[in-house]
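These notes concern the structure reproduced below.
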Amino acid sequence: DIQMTQSPSSLSAYVGDRVTITCRASQSITSYLNWYQQKPGKAPKLLIYAASSLQSGVPSRFSGSGSGTDFTLTISSLQPEDFATYYCQQSYSSPFIFGPGTKVNIK
Amino acid sequence: EVQLLESGGGLVQPGGSLRLSCAASGFTFSSHAMSWVRQAPGKGLEWVSGISGSGGSTLYADSEKGRCTISRDNSKNTLYLQINSLRAEDTAVYFCAKLTFVSVVPSSFDDWGQGTPVTVSS
Numbered sequence: 013d014i015q016m017t018q019s020p021s022s023l024s025a026y027v028g029d030r031v032t033i034t035c036r037a038s039q040s041i042t043s044y045l046n047w048y049q050q051k052p053g054k055a056p057k058l059l060i061y062a063a064s065s066l067q068s069g070v071p072s073r074f075s076g077s078g079s080g081t082d083f084t085l086t087i088s089s090l091q092p093e094d095f096a097t098y099y100c101q102q103s104y105s106s107p108f109i110f111g112p113g114t115k116v117n118i119k
Numbered sequence: 090e091v092q093l094l095e096s097g098g099g100l101v102q103p104g105g106s107l108r109l110s111c112a113a114s115g116f117t118f119s120s121h122a123m124s125w126v127r128q129a130p131g132k133g134l135e136w137v138s139g140i141s142g143s144g145g146s147t148l149y150a151d152s153e154k155g156r157c158t159i160s161r162d163n164s165k166n167t168l169y170l171q172i173n174s175l176r177a178e179d180t181a182v183y184f185c186a187k188l189t190f191v192s193v194v195p196s197s198f199d200d201w202g203q204g205t206p207v208t209v210s211s
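Same order as they appear, the protein sequences are chains Y and V. Following the numbering used here, the numbering of the first sequence begins with 13 at its first residue and continues without gaps. Following the numbering used here, the numbering of the second sequence begins with 90 at its first residue and continues without gaps.
What follows is the structure, encoded as structure tokens:
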């Protein structure tokens, strides 16, 4: 199975900060990497698919990059509504493992 | 507007069985693969199972093979998950998700329901 890791596991940031979250796969998944945002008590929401494609309706301050085994999610200017947990997920092969998550807290 | 409404969760004793349902609307159901994802209390997301748009291809997480059966009724726009031999570790919120393509691989999970809670306890 392909294993997914994320770093950091949590971070604290100010509104307006640039935030970067890293995701690493245990083997190449080409560009089949997705990012989700989840707020407490809510369902996850797709932000980025295929490593760098912005899902419809998602603000342009979110961006994704990477290929192979190393990927990043960047929030260019953190907004109050962005405080949440972010998960990466590989869709290259079954089982479709999610990363352990990165919790973004208010500083 | 895509809507996914899960039901069937609840309190069940260890060793029992449960059938979860997900009623879909707002899109052509048979044109999209579907999946179940669960989240234990305070934990991360765990993919459970996926099924192609026709229902002809199914995939399972290693931990669920033999205990879970995913199925769909395209005439009713409904997805199902049958879970047998339930154990405490199955306690979680179970989400259904609509996938991008008719095949499970290499879809992203575009839309999610609000989840149905399952508690396994005596």
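Positions of the beta carbon are idealized from the N, C-alpha and C atoms, including for glycine.
With residue i as the anchor, note down where its beta strand (DSSP E) starts and where it stops.
i      : result
V:R108 : 107–114
Y:D82  : 82–87
V:D200 : 198–201
Y:L93  : This sequence places Glu at residue 93 of chain Y; Leu is not what is there. Looking at the DSSP string, Y:E93 is not in any beta strand (DSSP E), and its letter there is neither H nor E.
V:F184 : 181–188
V:T208 : 205–209
Y:I118 : 114–118
Y:R36  : 31–37
Give the interface partners of residue i over in chain Y, defined as CB-CB distance under 7 Å, in chain order.
i      : result
V:A150 : P107
With 9 Å as the threshold, decide whether the Cβ of residue i is near any Cβ in chain Y.
i      : result
V:D200 : yes
V:F184 : yes
V:T208 : no
V:S160 : no
V:T189 : yes
V:Q171 : no
Under 8 Å between beta-carbons, which chain Y residues line up against residue i? List them in chain order, please.
i      : result
V:E135 : F110
V:P130 : Near V:P130 there are no residues of chain Y at all, since even the closest Cβ is about 12 Å away, more than 8 Å.
Run through chain V and tell me which residues come within less than 8 Å of residue i, C-beta to C-beta.
i      : result
Y:Y99  : G133, L134
Y:A113 : The sequence given here has Gly at residue 113 of chain Y, not Ala. Near Y:G113 (Cβ distances below 8 Å), the residues of chain V are G133, L134.
Any beta carbon from chain V within less than 9 Å of residue i's own beta carbon?
i     : result
Y:D13 : yes
Y:L58 : yes
Y:A37 : no
Quick one: which chain V residues come within Cβ less than 7 Å of residue i?
i     : result
Y:Y26 : What Y:Y26 touches in chain V: nothing, since even the nearest Cβ is about 26 Å away.
How would you list, in chain order, the residues of chain Y whose beta-carbon sits under 9 Å from the beta-carbon of residue i?
i      : result
V:V194 : Y44, S103, Y104, S105, S106, F108
V:G142 : Those do not exist, as V:G142 stays about 16 Å from chain Y at its closest Cβ, beyond 9 Å.
In chain order, which continuous runs of the alpha helix (DSSP H) of length 4 or greater are located wholly inside the stretch 115–178 of chain V? Secondary structure in the stretch 115–178 of chain V: no alpha helix (DSSP H) run of 4 residues or longer lies completely within the stretch.
Using Cβ-Cβ distances below 7 Å, what residues of the stretch 41–56 of chain Y are close to chain V? Residues of the stretch 41–56 of chain Y with a C-beta less than 7 Å from any C-beta of chain V: Y44, N46, A55, P56, listed in chain order.
Using Cβ-Cβ distances below 7 Å, what residues of the stretch 111–123 of chain V are close to chain Y? Listed by position, the residues of the stretch 111–123 of chain V near chain Y (Cβ gap below 7 Å) amount to none.
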